[in-house]
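As structure tokens, the structure follows; a few thoughts come after it.
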Amino acid sequence: MIRSKGLVRRYPGFELTVEALEVPPGRFVTVIGPSGAGKSTLLRLLAGLERPDRGRVELQGRAVFLDQDRTVLDRSVLANATFGLELRGVRRREAARRVRPWLERVGLADKLAQPAVSLSGGERARLALVRALAIEPDVLFLDEPTQALDPGNVDRVEGLLREAHGQGRTIVLVTHNLYQARRLGQETWFLLGGRIVERAPSERLFVRPREALTRAYVAGEMVY
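Going by full-length UniProt numbering, 84 is the number at position 84 of the sequence shown; the sequence numbering is gapless.
This is the structure:
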């Protein structure tokens, strides 16, 4: 469960204000909006990585935040994938057994011994997702997880996210890809200028948005 109330986060020239949000367990939420709308800031606040200037967030369960940075350790691909499990006391051999199927599914099984720092940006993104999923979190916060991926690997990643959601995980995903938001989200939030303009079941928001700003954005008519 994720709840927030009266969130305010201020930066020079920008303010994010969100009155109240609630994400029940097992919900898949997609967050859309133009660059600079406050999507990543909201995600970091909900994940507890930033403190609001006002308001509060309640988060129940183990959460993992996957940002656009996709930082990897100066170790092998396999050692990166097992890192979270080993931190939690899982023996190295058992951790490797658990992550190998994930690595195969994202196309990294032939790179287990390769230094992770030598991977491409897209490969790092897939490795970071495997590392996050391997520890079986209750909540996944994802900031553009398929950015810079080709269509085939986008499909792979989306498949993993659907599977994680099917296992009962709560997912909040920020994306610029409106098609992806509609494909994956049960509910979609549209942010603009630090405000949530509209929240609705995804199909309704994309087909019958109630707000004029939402209609303009999803129709590609908004200039920003």
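Ideal placement from N, C-alpha and C gives every residue a C-beta, glycine not left out.
All values reported here derive from a predicted model rather than from experimental measurement.
* To do: Mind the definition here: the stretch 57-73 touches the stretch 121-140 only if three or more C-beta pairs lie below 8 Å; say whether that holds.
  => Between the stretch 57-73 and the stretch 121-140, the count of C-beta pairs closer than 8 Å reaches three or more; the two stretches touch.
* Can the beta-carbon of V157 be found closer than 8 Å to that of T170? -> No; because the gap between Cβ atoms is not below 8 Å, this pair is not in contact.
* Asked: Where do the ends of the beta strand (DSSP E) carrying R3 lie?
  -> R3 -> beta strand (DSSP E) spans 2-11.
* Can you give me the start and stop residues for the alpha helix (DSSP H) that T82 sits inside? => 77-87 is the extent of the alpha helix (DSSP H) around T82.
* How big is the Cα-Cα spacing for D50 and A113? -> The sequence shown places Glu at residue 50, rather than the Asp named in the question. Their backbone Cα atoms lie some 35 Å apart in a straight line.
* **Per DSSP, the bridge partner or partners of R54** => R54 pairs with V8.
* **Same chain, Cβ closer than 6 Å to G168, five either side skipped, listed in chain order** => Correct list, in chain order: G26.
* Taking A95 as part of the alpha helix (DSSP H), name the residues at either end of that continuous run. => For A95, the uninterrupted alpha helix (DSSP H) segment begins and ends at 92-105.
* Cβ-based neighbour list, L142, same chain, cut-off 6 Å, excluding 5 preceding and 5 following -> Here the set comprises L66, L173.
* Asked: How would you write the range of the beta strand (DSSP E) that P115 sits in, first residue to last?
  -> Taken as a continuous stretch (DSSP letters only), P115 belongs to no beta strand (DSSP E), as it is neither H nor E.
* Could you tell me whether the stretch 68-86 touches the stretch 114-125, where touching means 3 or more Cβ pairs closer than 8 Å? => Yes, the stretch 68-86 touches the stretch 114-125.
* Coil, strand or helix - V139 by DSSP -> It is a strand residue.
* To the nearest angstrom, report how far apart R208 and V197 are at their CA atoms. => Going from the Cα of R208 to the Cα of V197 covers about 14 Å.
* According to the Cβ coordinates, are K111 and G55 closer than 8 Å? -> Going by C-beta atoms, K111 is not nearer than 8 Å to G55.
* Tell me, to the nearest whole angstrom, how far the beta carbon of A79 is from that of R131; I am working on the premise that it is less than 8 Å. => Incorrect: roughly 10 Å between the Cβ atoms, too far for contact.
* Own chain residues within Cβ distance below 6 Å of V31, not counting five before or after -> Sequence-distant partners of V31 (beyond 5 residues in either direction) whose C-beta falls short of 6 Å from its own C-beta, in its chain, are K39, V174, W189.
* **Which of helix, strand or coil DSSP assigns to residue 228** => A question about residue 228 goes unanswered here, because the residues of the chain that appear run from 1 up to 224.
* Closest Cα partner of R183 within the set G107, G159, R195, G194 -> For the residues G107, G159, R195, G194, the minimum Cα distance to R183 belongs to G159.
* Measuring CB to CB, does Q185 end up less than 8 Å from F28? -> Rather than Gln, the amino acid found at residue 185 in this sequence is Gly. Yes, the Cβ-Cβ distance between G185 and F28 is below 8 Å.
* To do: List the whole-angstrom C-beta distance separating G194 from E15, where the pair is believed to meet the contact cut-off of C-beta under 8 Å.
  => With 8 Å as the limit, G194 and E15 qualify as a contact, their Cβ atoms being about 5 Å apart.
* Asked: Does DSSP put E144 in a helix, a strand or coil?
  -> In the three-state reduction of the DSSP assignment, E144 falls in the coil class.
* **Residue span of the beta strand (DSSP E) that contains L173, given as start and end** => According to the DSSP assignment, L173 belongs to the beta strand (DSSP E) that extends over 170-174.
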